[in-house]
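The structure appears below as structure tokens.
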Amino acid sequence: MKLSLAFRFLSTNKDYPSLITQQVKSNPIVMYSRTNCQQCNKAKLLFSEYKLTPYTIEIDQQEDATSLREAVESLTKQKRTPMIFIKGESIGGLGGLKNMLKNKQIQADLQNLK
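Residues in the sequence shown are numbered consecutively from 1, following the UniProt record's numbering.
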């Protein structure tokens with residue numbers, strides 16, 4: 001079962017705020033995750049159930065994980081993973097995703113983002 005795509009940042013680029021902004025603008029669904037995070041794994045399964053594949057960055061798999069995590073926290077004002085962006089906007093984490101998926105119109109909109 002394909003849960004998500006995971007990407008690594010280029011280690012030569014340390015301008016994480018700009019890189020994060022670029023990723024969020026370039027991809028309809030972006031999730032900053034950690035490989036050992038139970039909430040992240042639940043979000044991945046939920047995306048899979050709706051046949052959605054977020055652009056996923058596993059923070060703990062990056063060379064400079066601490067700097068990346070701090071940059072995402074600064075942009076989202078959120079300290080826990082997952083940190084999810086849909087259509088360029090932070091929706092929070094797993095709870096935000098679940099709330100969005102309760103709305104049938106939003107479900108349809110998300111299906112169109114594939």
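C-beta: ideal position from N, C-alpha, C; glycine also.
Does chain D have any CB closer than 7 angstroms to the CB of residue i?
i	result
residue 31	Among the protein chains of the structure shown there is no chain D, as only one such chain exists.
Quick one, are the C-beta atoms of residue i and residue j less than 7 angstroms apart?
i	j	result
residue 65	residue 59	yes
residue 110	residue 45	no
residue 83	residue 16	no
residue 80	residue 88	no
residue 39	residue 30	no
residue 20	residue 101	no
For residue i, which of helix, strand or coil comes out of DSSP?
i	result
residue 88	coil
Residue i: buried (16+ other C-beta within 10 angstroms of its C-beta) or exposed?
i	result
residue 104	exposed
residue 27	buried
residue 43	buried
Checklist entry - Does the pairing of the stretch 59-72 with the stretch 95-111 give three or more beta-carbon distances under 8 angstroms? => result no
Checklist entry - Unbroken beta strand (DSSP E) runs of length 3 or more, entirely within the stretch 32-62: which are they? => result 55-58
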